[in-house]
Amino acid sequence: MKPIKLFYQARCPFCKKAFNYIDELKKRPEYKDIVIETIEETEQPELADQYDYYYVPTFYIGDEKVHEGGIYPNEVEAIFKKALEQ
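With the first letter of the sequence shown counted as 1, position 51 gets the number 51 in the UniProt record's numbering; the numbers rise by one all the way through.
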C-alpha cells in the first residue's frame, strides 16, 4: 500500500466533502489502515508548489496525481482501492 497525499484548502466546500467521504470510508475494515497525508496548501505553499495541480482537493498516490477537483464518494473509494493495490 502506498500513502495518499491530499492537497486541500480549509475553506473549500469540495474539500470538506472529500474529508467527509474519507471519514465514512475509513470506518470500513478494508480501508481503516490507509495513510493519508493532508497538506493545507495555503499553510504549506512551498510544499504545494512542488506538485502539478490547479484545483483542490487533489490526491496523489506516490508521485502520481490520481484526482483533481470536485469529488464524489465513489471517486474517493477508487483512490483508496488504487492505493491498496500499490
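Quick reminder that beta carbons are idealized off the backbone N, C-alpha and C, glycines included.
Quick check on residue i: buried or exposed, where buried means 16 or more other Cβ atoms within 10 Å of its Cβ?
{"i": "Tyr-21", "result": "buried"}
{"i": "Tyr-60", "result": "buried"}
{"i": "Phe-85", "result": "According to the sequence provided, residue 85 is Glu. The question's Phe does not apply to it. With fewer than 16 other Cβ atoms within 10 Å, it is exposed."}
{"i": "Lys-57", "result": "According to the sequence provided, residue 57 is Pro. The question's Lys does not apply to it. Buried."}
{"i": "Glu-41", "result": "buried"}
{"i": "Ala-10", "result": "exposed"}
For the candidate residues the options, whose alpha-carbon lies nearest to that of residue i?
{"i": "Glu-43", "options": "Tyr-8, Ala-18, Lys-65", "result": "Tyr-8"}
{"i": "Lys-65", "options": "Tyr-53, Val-76, Tyr-72, Pro-3", "result": "Tyr-53"}
{"i": "Phe-14", "options": "Arg-28, Gln-50, Tyr-55", "result": "Tyr-55"}
For residue i, collect the residues of the same chain with a Cβ closer than 6 Å to its Cβ; drop the 5 residues on either side in sequence, then sort them by chain order.
{"i": "Lys-26", "result": "Lys-32"}
Kindly indicate which three-state DSSP category residue i falls into: helix, strand or coil?
{"i": "Ile-71", "result": "coil"}
{"i": "Glu-24", "result": "helix"}
{"i": "Glu-30", "result": "coil"}
{"i": "Val-66", "result": "strand"}
{"i": "Lys-5", "result": "strand"}
Which residues in the same chain have their Cβ closer than 8 Å to the Cβ of residue i, if we skip the five residues on either side of it in sequence?
{"i": "Ile-79", "result": "Ile-4, Phe-59, Ile-61, Val-66, His-67"}
Please list, in chain order, all residues of the same chain as residue i whose beta carbon is under 7 Å from its beta carbon, the five residues on each side excluded.
{"i": "Leu-47", "result": "Ile-39"}
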